[in-house]
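Counting from 11, one number per residue, gives the positions in the sequence shown under our numbering. Ideal Cβ placement from N, Cα and C applies to all residues, glycine included.
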Amino acid sequence: MGANRRFMIFSVEGIVSAMREGRRYQVGNLARAYGAKPADVRRMLSSAVDLGLVVKVYSEGRGEYAYSLPQSTVRDERTAPPYRNLHLTEDLTGYDSSLFRFANLCMMVRR
Numbered sequence: 011m012g013a014n015r016r017f018m019i020f021s022v023e024g025i026v027s028a029m030r031e032g033r034r035y036q037v038g039n040l041a042r043a044y045g046a047k048p049a050d051v052r053r054m055l056s057s058a059v060d061l062g063l064v065v066k067v068y069s070e071g072r073g074e075y076a077y078s079l080p081q082s083t084v085r086d087e088r089t090a091p092p093y094r095n096l097h098l099t100e101d102l103t104g105y106d107s108s109l110f111r112f113a114n115l116c117m118m119v120r121r
C-alpha cells in the first residue's frame, strides 16, 4: 500500500483510496497493513464490492480471491474529437480578420 501507516484509515473509503489500479490485493496482506483481523477486512471489502468500488477476482496462482479496482470505463468509451487532425491556423479561427476589423474601427473613431 502506498500510504504511510500513520495516515491509513481503516474504513471502506480508506481501503479503496489506498488501492492502485491494476494491482490485486489479498485479504491477509491488507489485514497486516492495517493491523486488523482478516474477517474485518473481508467484511469491508465485501461491502465495497456491493457498492461497486472494488471487484472480486479469483487468483488461480494462490487459489484464493483477491480484490482490485474495477477497470476504468472512461478510457474505453473516450473518442477522439472530430477536429483532432485539423491544424488551427489564424485563417481558420478568423483571429487575424477580427484584429484587422478592430484596428479599422479604432482608426475610424480616432479621426
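Start-to-end residues for the beta strand (DSSP E) that takes in residue i
{"i": "ALA76", "result": "74–78"}
Beta-bridge pairing of residue i - partner residues as DSSP gives them
{"i": "SER69", "result": "GLU74"}
{"i": "TYR137", "result": "The chain is shown only over 11 to 121; residue 137 falls outside these bounds and no answer can be derived."}
Whole-number beta carbon distance between residue j and residue i, since they are thought to touch under 8 Å
{"i": "VAL22", "j": "SER78", "result": "Between SER78 and VAL22 the Cβ distance is about 15 Å, and since that is not below 8 Å, they are no contact."}
{"i": "VAL51", "j": "LEU40", "result": "5 Å"}
{"i": "PRO48", "j": "VAL37", "result": "5 Å"}
Inter-residue Cα distance where the pair is residue i and residue j
{"i": "ARG34", "j": "TYR44", "result": "16 Å"}
{"i": "ASN114", "j": "TYR105", "result": "14 Å"}
{"i": "MET54", "j": "TYR68", "result": "18 Å"}
{"i": "LYS66", "j": "TYR75", "result": "7 Å"}
{"i": "ALA46", "j": "ALA28", "result": "16 Å"}
{"i": "PHE110", "j": "MET117", "result": "11 Å"}
{"i": "VAL59", "j": "ARG42", "result": "20 Å"}
For residue i, the first and last residue of its enclosing alpha helix (DSSP H)
{"i": "ILE25", "result": "22–28"}
{"i": "ALA113", "result": "105–120"}
Coarse secondary structure for residue i, derived from DSSP in three states
{"i": "VAL1", "result": "It is not possible to answer for residue 1, since the shown part of the chain is limited to 11 through 121."}
{"i": "ALA46", "result": "coil"}
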